[in-house]
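Number of protein chains: 2
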Amino acid sequence: MQRGSFQAMKSLNKSIILTKILNDGPISRAQIAKETKLTPPTVGSLVKELIDQKIVKESTQGMSKGGRKPTMLVIDHQAYYMIGIDAGPTKIDIVLTNLAGDIISNLQYQLPLPITEAQFLDKLIEGTEEILKLNSERANDVIGIGVAMHGVVDAEAGESLYAPNLDLHNMPIKQTLANHFAYLVSIENDARALALAETWFGQGKGSDRLVAVNIGTGVGAGVAIDGELYRGESHIAGEIGHMTIDLNGEVCSCGNRGCLQTIISGPAIAERTNKLMKEGVTTSLTEGDHLTAYDVYKAAESGDQFAKMILTETGKYIGIGLTNLIHTLNPSQIILNGGVAKAGKYLLPAIKATVKERALTASAKSTAICLSDLGDHATALGAVALILVELFAKNGEISI
Amino acid sequence: MQRGSFQAMKSLNKSIILTKILNDGPISRAQIAKETKLTPPTVGSLVKELIDQKIVKESTQGMSKGGRKPTMLVIDHQAYYMIGIDAGPTKIDIVLTNLAGDIISNLQYQLPLPITEAQFLDKLIEGTEEILKLNSERANDVIGIGVAMHGVVDAEAGESLYAPNLDLHNMPIKQTLANHFAYLVSIENDARALALAETWFGQGKGSDRLVAVNIGTGVGAGVAIDGELYRGESHIAGEIGHMTIDLNGEVCSCGNRGCLQTIISGPAIAERTNKLMKEGVTTSLTEGDHLTAYDVYKAAESGDQFAKMILTETGKYIGIGLTNLIHTLNPSQIILNGGVAKAGKYLLPAIKATVKERALTASAKSTAICLSDLGDHATALGAVALILVELFAKNGEISI
DNA sequence: CTTTATTTTATCACTTTAGTTAATTTAATT
DNA sequence: AATTAAATTAACTAAAGTGATAAAATAAAG
């Protein structure tokens, strides 16, 4: 536990003020004092420091309520810039954003497979250099690089422990980037970064117990409690892809039977579709190894009833998985992401109906479940949010 | 967020010192200063206050290491007493303990069924009065009453929202007891209180991410993270009894199929045993409606191979449920409690083997799993721990 | 339409709290 | 007697709290 000191007290109060401006800005000094119970002089002097640090600025004057007009304070979103890297199994997506998460610049690289550790790390450096070159006038205001890496990540050590699709182990990503660039570097698992993206930029703003579920080739979840990521004892909290929900189900890549992933992932949907087609149904789809979940979605879009049924059924299974999640973590909000979630139109009604049917209590039944609206760069924005967390934890005082 | 103030800073430091003495006592002022990074004068003055409040006392002098002998400090376990009530579905168990959780006095009441709300609340008051009368010389040093109530509990409001076995709703337990006794009153769900008991008095001491799983008539779990209970958004975090693990399993009382509870609870074990016996097996057990899980345990104890097989199988299913728990919450430790856990001798090897087989990573595979050693009054001790939490949060300054 | 009173925002000067530094006392060991 | 460790005392300082004051607006009165 951190001891109490004058510095700690000041830092805490500064953080409270900064967070207040972030969440409720534009806001006046007087209003901050009222809502935080800090005294006006304290607010004044700490705001002065925040303005000196450039992270906060005075904006327009507000409306008077029968006295002197308040000077409104806002975060200076243009003060600093951040780089976010979504390091996926097949491609790398890089964004440069301001503090509001507005994407200023974007780059994408396809990964040559197979790839060596050196090649992969070089690609990260190359991409970062490239986006900095494209935005050279802002390079001096860049404060950090965030990396959302697929696979198992040790965020504290800054390492990618295991990237299954690339078959790479123990890559010192943070160290490598920190050696090449004079910026703060932070790395995290992609599913968890996504949860952070939702709390900073998505529909999870203000939610204090959010789960972001990613359903694609695999299934994973990130858990954010009170704005902080919950990682568990050994970085595997939220590994719901391998939650057993069917004792006698299909065999999973992990060796067990009936993992959630064997039922609701993209490949699982394709496989189930193929299987059912063998039994003979009326559909526009063509059976075969190349059939994907996206094909099923497209067929549903063009009115194929069988495809719609498949997706509704998938929604039911997702709902069962989410109900298990609700009964253990009991989040206030669940946000769905990933390739499969793009078929949300067909999945969501079934998901919600299933949770409503199966959850134990009234409030559990009405747990907010929605589709992410962050778009294609969601994970890269999560990487950016890693830097924001650091910036705000340090009250805007970034020093590499 | 709580603002930083002189009071808050002092309170935090006092709490750090008190916790240090609790966990590492007997310990000297100098040692506390070293380990907490607080300065010796700060430690000295705050310890003085703690001694004035009677919660800390000086004990024997320690060994000198080449200078003045250190004065060792310890929690004064005899300074205050607490009452803990385990309000179960059929009986009430009341204990009076000192701050170390040593049981000084104990009472038990069988509940007359059916029972009305007034009768139930009266029973709680009657029991508390009785144990106070039996310990009249200590009544003045009692600081609080903790209640571990079965069913759904709103700890903040101090109410039992729903007690399924008694069919009682919205009982204002905290209010009722607070009106009758001039003590602090705290109430919590029994499974969660149990988790607290393990962190304060059991094998979970010092564990910062503990799950206490109760397997009896029903199945539930309490989650304690960094010494605090994790309740979730609507008080149902840890409701693992209704986690679906078999899509096509038996129908549960909740209406769904394949809830963990339909496989590993006491009644479920009995039912499965009956079912298998119909298929014809060699066993000393007699089929029938009156067969209980305890009978199976007794048969296993007297060498019945069939009974042992049933319990091993049950252990496998418990292991699957715990693996799901590990993949979502990723605790550092799981402690098993409740009637079924009494057959732990036969269950535990299978549980551990299953987790080892199914968990994803090496550290997840080796999650510590053990049987509770708290004995019969475990839940009542959890109720007592509720008061300890309050006492230590307030640095020993209890005021009703 | 000007003047005055009132209200709200923000700051300044002074006080108080409690941690920090450095020196001192106490009491042991070598 | 010298040294070392524990605990306390006294002076210092950081940062919040209190109360007064300045600034700038609106509302009311003449």
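Residue numbers (our numbering), protein chains in the order written: chain A, -14 to 385; chain B, -14 to 385.
Idealized CB from N, CA, C, for every residue including glycine.
Partners in chain B for residue i, counting only beta-carbon separations shorter than 9 Å
{"i": "Arg343 of chain A", "result": "His227, Thr229, Cys239, Gly240, Asn241"}
{"i": "Val340 of chain A", "result": "In chain order: nothing, as chain B lies at least about 12 Å away."}
Buried or exposed (CB count within 10 angstroms, at least 16 for buried), residue i
{"i": "Asp152 of chain A", "result": "exposed"}
{"i": "Arg177 of chain A", "result": "buried"}
{"i": "Asn199 of chain B", "result": "buried"}
{"i": "Ser287 of chain A", "result": "exposed"}
{"i": "His154 of chain B", "result": "exposed"}
{"i": "Glu144 of chain B", "result": "buried"}
{"i": "Asn125 of chain B", "result": "exposed"}
{"i": "Gly51 of chain B", "result": "exposed"}
{"i": "Glu218 of chain A", "result": "buried"}
{"i": "Asn8 of chain A", "result": "exposed"}
{"i": "Phe(-9) of chain B", "result": "exposed"}
{"i": "Met57 of chain B", "result": "buried"}
{"i": "Asn233 of chain A", "result": "exposed"}
{"i": "Leu245 of chain A", "result": "buried"}
{"i": "Asp61 of chain B", "result": "buried"}
{"i": "Ala222 of chain A", "result": "buried"}
Sequence-distant residues of its chain with Cβ nearer than 6 Å to residue i (five each side left out)
{"i": "Arg194 of chain B", "result": "Ile210, Pro316, Ser317"}
{"i": "Ser269 of chain A", "result": "Ala284, Asp289"}
{"i": "Tyr235 of chain A", "result": "The sequence given here places Glu at residue 235 of chain A; Tyr does not occur at that position. Cβ neighbours of Glu235 of chain A beyond the five flanking positions: Thr247."}
{"i": "Asp231 of chain A", "result": "Gly243"}
{"i": "Ile110 of chain A", "result": "His165"}
{"i": "Glu272 of chain A", "result": "Asn259, Met262"}
{"i": "Leu106 of chain B", "result": "Thr161"}
Neighbouring residues, chain A, relative to residue i (Cβ below 8 Å)
{"i": "Met156 of chain B", "result": "Neighbours of Met156 of chain B on chain A: none; closest Cβ ~17 Å, over 8 Å."}
{"i": "Ile200 of chain B", "result": "Under the 8 Å cutoff, chain A gives no residues; its nearest Cβ is about 16 Å from Ile200 of chain B."}
{"i": "Lys(-5) of chain B", "result": "Gly(-11)"}
Cutoff 7 Å; reference residue i; Cβ partners in own chain excluding five residues on either side
{"i": "Val266 of chain A", "result": "Phe291"}
{"i": "Gln160 of chain B", "result": "Gly143"}
{"i": "Thr45 of chain B", "result": "Met57"}
{"i": "Leu376 of chain B", "result": "Ile128, Ile383"}
{"i": "Ala381 of chain B", "result": "The sequence given here places Gly at residue 381 of chain B; Ala does not occur at that position. Cβ neighbours of Gly381 of chain B beyond the five flanking positions: Leu3, Leu35, Gln38, Ile40."}
Closer than 8 Å at the beta carbon, the chain B residues around residue i
{"i": "Gly217 of chain A", "result": "Arg194, Leu314, Asn315, Pro316"}
{"i": "Val137 of chain A", "result": "Thr346"}
Residues that residue i contacts on chain B, provided the C-beta gap is smaller than 7 Å
{"i": "Asn(-2) of chain A", "result": "Arg(-12), Gly(-11)"}
{"i": "Glu224 of chain A", "result": "His312, Leu345"}
{"i": "Lys22 of chain A", "result": "Arg(-12)"}
Residue i: CB within 6 Å of a non-hydrogen atom of the ligand ADP
{"i": "Ile158 of chain B", "result": "The ligand ADP is not part of the structure shown, which contains no ligands of any sort."}
9 Å Cβ cut-off: residues of chain A touching residue i
{"i": "Leu232 of chain B", "result": "Ile230, Asp231, Leu232, Asn233, Gly234, Gly243, Ile248, Tyr302, Ile305"}
Cross-chain neighbours of residue i in chain A, by beta carbon under 7 Å
{"i": "Ile221 of chain B", "result": "His312, Asn315, Leu345, Thr346, Ala349"}
Spatial neighbours of residue i in its chain, beta-carbon cut-off 8 Å, leaving aside the 5 residues before and after
{"i": "Glu34 of chain A", "result": "Lys(-1)"}
{"i": "Glu173 of chain A", "result": "Gly131, Val132, Ala133, Met134, Val138, Ala140, Leu181, Leu214, Gly367, Ala368, Leu371"}
{"i": "Ala344 of chain B", "result": "Thr308, Ile311, His312, Lys350, Thr352"}
{"i": "Gly226 of chain A", "result": "Gly203, Val204, Gly205, Cys244, Leu245, Gln246, Ser250"}
Notebook entry, point to check: Does the stretch 314 to 325 of chain A come close enough to the stretch 341 to 359 of chain A to have 3 or more Cβ pairs within less than 8 Å?
Noted result: yes
Check: Taking contact to mean at least 3 C-beta pairs separated by less than 8 Å, is the stretch 322 to 333 of chain B in contact with the stretch 266 to 279 of chain B?
Finding: yes
Item checked: Cβ contact (3+ pairs, closer than 8 Å) linking the stretch 169 to 187 of chain B and the stretch 367 to 378 of chain B -> yes
Item checked: Residues of the stretch 309 to 330 of chain B with Cβ closer than 8 Å to any Cβ of chain A, in chain order -> Asn309, Leu310, Ile311, His312, Thr313, Leu314, Asn315, Pro316, Ser317
Next item on the list: Taking 8 Å as the threshold, find out whether the stretch 72 to 86 of chain A comes into contact with the stretch 17 to 25 of chain B through three or more Cβ pairs.
Entry: The stretch 72 to 86 of chain A is not in contact with the stretch 17 to 25 of chain B.
Margin query: Closer than 8 Å is the cut-off here; do at least three beta carbon pairs connect the stretch 164 to 180 of chain A with the stretch 331 to 340 of chain A?
Written below: no
Margin query: Can you pull out the residues from the stretch 259 to 284 of chain B whose beta carbon lies closer than 8 Å to at least one beta carbon of chain A?
Written below: none
Checklist line | Short-range partners of chain B found in the stretch 1 to 19 of chain A, where Cβ spacing is below 8 Å | finding: Only Ile1, Thr4 from the stretch 1 to 19 of chain A bring a Cβ to less than 8 Å from some Cβ of chain B.
Check: With contact counted as at least three CB pairs below 8 Å, one residue from each stretch, are the stretch 107 to 127 of chain B and the stretch 86 to 97 of chain B in contact?
Finding: These segments touch.
Margin query: Across the stretch 81 to 89 of chain B and the stretch 129 to 146 of chain B, are there enough close Cβ pairs to call them in contact, namely three or more that are closer than 8 Å?
Written below: no
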